[in-house]
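**Q** Just remember that our numbering sits 26 ahead of the position in the sequence shown, which is counted from 1. Idealized CB from N, CA, C, for every residue including glycine. Note that the structure is a prediction, hence the values are computed from the model and not measured. Pasting a structure below so you can have a look.
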Amino acid sequence: MKLDLLYEVDVPKPWGKPHPHGQREAEQAAYREAITQIRLADEMGFHTSWHVEHHFREGRSHCPAPEVLIGALSQITERIRLGFGVTLLPHGFTSPIRVAEKVATADVLSNGRVEWGVGRSTPMEQTAFGVDIAASKDQVREAVEAIVAAWESEYFSFEGKHWKFPAAGDVPVRMITPKPVQDPHPPAWMAASSDGSAAAAGAMGLGLLSLSIMRPLEQVAQTIQLYRTAAAAATPITRVANNQVAAYTLVHCADTMAQAEANGIWDATWWWYRSLAEFMLQWEFPHATEEERKKIFPILDESNDAPPDPRNFSEADMIIVGDPDECLRKMLRYADLGVDRLLCYVQFGHLPHESVMRTIELLGTHVIPELERREVQVSTSVAAT
């Protein structure tokens, strides 16, 4: 199992100053800190740094243009791969041609270090961009097919159900530039937040970006099994085989558990969970009954006798918090489930920048070498057999 990072560029409120200065200063600081952290992760041996595309998120996910951030990172890192996690492909968001252009440009700038994830987004973003939600699954598949064809064709045209290129009546075909460094193209992944979408990713021969969080590990194992079953009988829609599973969770590593708590890990976890819950209840389940809301996010049920305690997530290994030995123990549980890439979400809430840097340093000096040592042992054992 490899350790990756996932960045949404959280900018939690309060921003300290009235609009617009508070937001601007907080966002600029968050980007500067993220770039510094990822440069350290490159030195520490992390495999990939993934970057989301989200729009209109308040406090969370102030990263609507991952291609710009990835372009900057390509010039200050040497080894770490740079992932689009993900490009939003329903046609209302952007033309498949624009996605082909920006991902290939990032691959050129990074000398072939790009990982390409795709997804549909949420109703909040879809409705703002005029996405046909009912057709969005078909549009994602169609866009993937068009984009990889654009990368592999000298001159490109496409005739799909939802999208045509060139447009009707426009006779000349076009050359799409640039072409990616990776031949025939960067590996493709699909974001999945349900068992159905995980199986769909496997059936199309795409890697699984499992972006659901705060789930019991037994449920994670079930999702992985469904993906593996579908992947075993896949009809790939790209020429780069990818049957890897990437799962993400909150990660905070400190020299001691006492130091993690002094860093504010529980407040940061609670902020992250509450922000996610409030967003989803407002935009994903606006018509849910009170009973349904409590079932989806039980920790928000203020009628419970016990106050909300994010430590429960850590005790169930749904998040990874602790000293290096404890973090390794928890991470090995994910490896045992069949996770190939663990996406470590380290920049969240009001965690101090210095504590995030220490997390990356400790994982790089203690955990990554141990994971690599165990992988060598397993590979040697298999070879001997």
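#1: Of all the options E104, W297, F110, which has the alpha carbon lying nearest to the alpha carbon of L369?
#2: With a Cβ-Cβ cutoff of 9 Å, do D158 and G118 count as a contact?
#3: Can you find at least 3 beta carbon pairs, one from the segment 173 to 186 and one from the segment 299 to 308, that sit closer than 8 Å?
#4: Give me, in chain order, the residues of the same chain whose beta-carbon lies closer than 8 Å to that of R384; leave out the 5 immediate sequence neighbours on both sides.
#5: Quick one, are the C-beta atoms of I416 and A67 less than 9 Å apart?
#6: Return helix, strand or coil for Y253, following the three-state DSSP convention.
#7: Along the alpha helix (DSSP H) that carries C279, what are the first and last residues, could you check?
#8: Check whether the Cβ atoms of H73 and L29 lie closer than 9 Å to each other.
#9: Return the first residue and the last residue of the beta strand (DSSP E) that G109 is part of.
#10: Mind listing, in chain order, the continuous beta strand (DSSP E) runs of no fewer than 3 residues lying wholly within the segment 341 to 383?
#11: Helix, strand or coil: which one does DSSP assign to V144?
#12: Can you say whether S329 is buried or exposed, counting buried as having 16 or more other CB atoms within 10 angstroms of its CB?
#13: Does the beta-carbon distance from W142 to A229 come in below 9 Å?
#14: Taking S183 as the reference, give the member of M240, G145, P90, R200 with the closest Cα.
#15: If I measure Cβ to Cβ from A172 and keep anything under 6 Å in the same chain, skipping five residues before and after, which residues do I get?
#16: Buried or exposed: A342, going by 16 or more other Cβ atoms within 10 Å of its Cβ?
#17: Out of F374, D366, H379, Y371, which has the shortest C-alpha to C-alpha gap to L397?
#18: Using 10 angstroms around the beta-carbon of A226, count the other beta-carbons present and answer buried if the total reaches 16, otherwise exposed.
#19: Consider the Cβ of R400: report whether some Cβ of chain D lies at a distance smaller than 9 Å.
#20: According to DSSP, simplified to helix, strand and coil, what is E168?
#21: Put Y33 into one of helix, strand or coil per three-state DSSP.
#22: Counting C-beta neighbours from all protein chains within 10 Å, is the total for G138 16 or more, i.e. buried, or is it exposed?
#23: To the nearest angstrom, how far is it from the Cα of V372 to the Cα of A294?
#24: Mind checking whether V174 and I102 have CB atoms under 9 Å apart?
#25: With distance defined between alpha-carbon atoms, name the residue in L99, V393, G231 nearest to V144.
#26: Got a sec? Which residues, its chain only, sit under 8 Å from Q49 by beta carbon, not counting five neighbours each side?
#27: What does a CB cutoff of less than 8 Å around F210 pick up in its chain, not counting 5 residues either side in sequence?
#28: How many angstroms separate the CA atom of P378 from the CA atom of T391?
#29: In this structure, does DSSP put F82 in helix, strand or coil?
#30: Starting from L234, trace the beta strand (DSSP E) in both directions and tell me its first and last residue.
#31: Below 8 Å on the Cβ atoms is my guess for M70 versus A361; work out the distance and round it to an integer in Å.
#32: Where does S407 fall in DSSP's three states?
#33: Starting from the Cα of W76, find the closest Cα among R241, L32, R58 and give me that residue.
#34: Considering only DSSP beta bridges, list what S162 is partnered with.
#35: Does the separation of the CB atoms of V382 and E59 fall below 9 Å?
#36: Relative to the C-alpha of G156, which residue among P116, P192, Y253, N289 is closest?
**A** Once the coordinates are examined:
#1: Between L369 and the set E104, W297, F110, the nearest pair of CA atoms involves F110.
#2: In terms of Cβ geometry, D158 and G118 form a close pair [threshold 9 Å].
#3: Contact check between the segment 173 to 186 and the segment 299 to 308: fewer than three CB pairs, one atom from each, fall below 8 Å, which does not count as touching.
#4: C279, A280, D281, listed in sequence order.
#5: Any question about residue 416 goes unanswered here, given that the chain covers just 27 to 411.
#6: DSSP places Y253 in helix when its eight states are reduced to three.
#7: Run containing C279: none in the alpha helix (DSSP H); it sits in the beta strand (DSSP E), 271 to 279.
#8: Yes, these two residues count as a Cβ contact at 9 Å.
#9: For G109, the enclosing beta strand (DSSP E) starts and ends at 107 to 114.
#10: If only complete runs of 3 or more residues are kept, the segment 341 to 383 shows the beta strand (DSSP E) at 346 to 348, 367 to 371, in order along the chain.
#11: Annotated three-state conformation of V144 is strand, per DSSP.
#12: Here S329 scores only 45 on pLDDT, less than 50, and its place in the model should not be relied on; the value that follows carries that caveat. Result: exposed.
#13: No.
#14: For S183, the nearest C-alpha among the options comes from R200.
#15: Residues of the same chain with a CB within less than 6 Å of the CB of A172, apart from the 5 flanking positions on each side, are P122, F184 in chain order.
#16: That one is exposed.
#17: Comparing Cα positions, the closest option is D366.
#18: In summary, A226 is buried, with 16 or more beta-carbon neighbours lying within 10 Å of its beta-carbon over all protein chains present.
#19: Among the chains of the structure shown, chain D does not appear; only one protein chain is present.
#20: E168: helix per DSSP, three-state reduction.
#21: Three-state DSSP puts Y33 in a strand.
#22: By the neighbour-count criterion, in which a residue is buried when 16 or more other Cβ atoms sit within 10 angstroms of its Cβ, G138 is exposed.
#23: About 10 Å.
#24: The answer is no: Cβ separation not under 9 Å.
#25: Measuring from the Cα of V144, the nearest candidate turns out to be G231.
#26: Once the five neighbours on either side are set aside, the close Cβ partners of Q49 are V37, W41.
#27: In the sequence on display, residue 210 carries Pro and not Phe. V174, W177, E178, R265, V266, listed in sequence order.
#28: So the alpha carbons of these two residues sit roughly 20 Å apart.
#29: If DSSP states are grouped into helix, strand and coil, F82 belongs with coil.
#30: Element bounds for L234: 233 to 236.
#31: In fact, because the Cβ distance is near 19 Å, the residues do not count as touching under 8 Å.
#32: Low local confidence applies: a pLDDT of 46 at S407 is under 50, so the model's placement there is unreliable, with the coordinate-based value given in what follows. For S407, the secondary structure class from DSSP, reduced to helix, strand or coil, is helix.
#33: Cα-wise, what sits closest to W76 is L32.
#34: Paired residue(s): none; S162 is not in a bridge.
#35: Yes; because the gap between Cβ atoms is below 9 Å, this pair is in contact.
#36: Per the Cα distances, P116.
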